[in-house]
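Position 372 (the sequence shown) corresponds to 751 in the working numbering; numbering is contiguous. Beta carbons: idealized from backbone N, C-alpha and C, even for Gly. Note that the structure is a prediction, hence the values are computed from the model and not measured.
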Amino acid sequence: MSLPIQAGLHRSCCLVDTQALTHNMQTLKRGLAPGAQIAAVVKSNAYGHDVRIAWRAFVEGGATWLCVDSLHEAADLRDDGYTGNLFVMGHVPPMHARTAQRLDVRVMVYDKAQIDALGAAANDASTPIRLIMKLETGTQRQGLRPDEALQLARYIARFPYLVLEGTCSHFANIEDTTDHSFAQAQLKAFQDANDLLAQNGFRPALRTIANSAAGILWPHTHFELVRAGITCYGMWPSTECYVSAKLLGKDVDLRPALTWKTIIAQVKTVATGSLIGYGCTYQTTHDTRIAVLPVGYYDGYDRALSNLGYVLIRGHRAPIRGRICMNMCMVDVTDIPDATAGDDVILLGSQDRETISAEQLAAWAGTINYELTTQIQTSVPRIAV
């Protein structure tokens, strides 16, 4: 047993199931309201899954848009051959307006400095730039109040090559609770802002507020575009979202796509009373077989899993002993007598009948599944399977 040859000199790798990615997109697309399109959110290296692998699988599954956070992510996609609808949801500094024009992306806008720069870039190129205005409905991040949005729409109209194509907002807590009263208030604020724009002659063709949770739970929020994030990768936004879906009778088959694996570097037997790792935080209570793994927090394996998490070896759970180090960690294989150097180790994923999910790792580490996959270092190879 060993790592795939594509891992090269690396000591761990992530296997990305492209069929699972495509299946998830197809599943989500079947749940769309009539007339709605679906965008796959592939920011942050496709939530750690490798954007170069993920975007093709999502397009194959029916995604007609991709969403990223930044222009450098957009440039990477264009360089990799993606020619379709591309929405940059994060900040685009005015100094990079010409790059936005060259990349033919939709730009999230919310202030006049952006508009001035984008308008100049569009005029110089005699080519339209399509804009999506961010409306503030409750997250207090980017965005404009309805009166501010109307003012900016009027300002945009002064520029002949700028097109106000859409409006956008984002739910703050729809996935965090089964009480959706705040999300309902946000939806009303979004609709009211769009109504105000329409009353003044501005009717953007595209409205988008639905995220992963709303994409599953609330078809009435789909409008023209759903932006699906974590669900594309086979993970639920939260337990509460899963429960809400079940209460609504929705059976959504999401398949996790990421497996993170390494190998055992060494197996040793340590005596009763031995102290394990930095800080001497674990002491053995019996003669113990310890397996040393060549993965640590530098690789993105969360240090909070120290003395809490498990890995899978030969289809069994092996508990982490001591603190996770920068480049290695130690696990107890006393109850896995056949474990030996070179054995496969699953840090995240399934082996035989056992599974360690991103949700389980997140619970042990006191964080969320989003963070667990996105923090896996890009130096860890991703291999399409």
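Asked                                                                                                                                  : Found
Residue environment, residue 394, which counts as buried when at least 16 other CB atoms sit within 10 Å                               : buried
Contact under 8 Å by Cβ, residue 663 with residue 674                                                                                  : no
Contacts around residue 385, its chain only, beta-carbon distance under 7 Å, and the 5 residues preceding and following it disregarded : 760 and 762
Helix, strand or coil at residue 461 [DSSP, three-state]                                                                               : coil
Nearest-angstrom beta carbon gap, residue 534 and residue 508 [assumed within contact, 8 Å]                                            : With 8 Å as the limit, residue 508 and residue 534 do not qualify as a contact, their Cβ atoms being about 14 Å apart.
Neighbour-count burial assignment, residue 748, 16 or more Cβ in a 10 Å radius                                                         : buried
8 Å Cβ shell around residue 387 - same chain, five flanking residues per side excluded                                                 : 760
DSSP three-state assignment for residue 412, whether helix, strand or coil                                                             : coil
Any alpha helix (DSSP H) of 4 or more consecutive residues that is wholly inside the segment 698–759                                   : 737–744 and 748–753
Selection from 636, 453 and 610 that minimises the alpha carbon distance to residue 624                                                : 610
Segment contact flag, the segment 395–410 with the segment 689–697, C-beta cutoff 8 Å, min 3 pairs                                     : no
Per DSSP, cross-strand counterpart(s) of residue 547                                                                                   : 513 and 587
Start-end ranges of the alpha helix (DSSP H) lying completely within the segment 531–582, minimum 4 residues                           : 560–578
Buried or exposed by the 16-neighbour rule on C-beta atoms within 10 Å, applied to residue 506                                         : exposed
Straight-line gap, residue 709 to residue 608 (C-alpha atoms, nearest Å)                                                               : 33 Å
C-alpha gap between residue 538 and residue 744, whole angstroms                                                                       : 50 Å
Close Cβ partners of residue 487 (< 6 Å) along its chain, the five nearest in sequence each way excluded                               : 468, 511 and 513
Alpha carbon of residue 420 to alpha carbon of residue 410, nearest angstrom                                                           : 17 Å
Rounded separation between residue 548 and residue 616 - CA only                                                                       : 18 Å
Every unbroken beta strand (DSSP E) inside the segment 414–439 [3 residues or more]                                                    : 416–420
DSSP state of residue 645 mapped onto helix, strand, coil                                                                              : strand
Rounded straight-line distance, which links the Cα of residue 719 to that of residue 661                                               : 22 Å
Which of helix, strand or coil DSSP assigns to residue 479                                                                             : helix
Three-state secondary structure assigned by DSSP to residue 456                                                                        : helix
Inter-residue Cα distance where the pair is residue 446 and residue 659                                                                : 45 Å
Residue 505 (DSSP reduced to helix, strand or coil)                                                                                    : coil
Spatial neighbours of residue 531 in its chain, beta-carbon cut-off 8 Å, leaving aside the 5 residues before and after                 : 488, 489, 490, 491, 494, 512 and 523
Backbone secondary structure at residue 638 - three-state DSSP                                                                         : strand
CA nearest to the CA of residue 666, picked from 682, 680, 647 and 676                                                                 : 647
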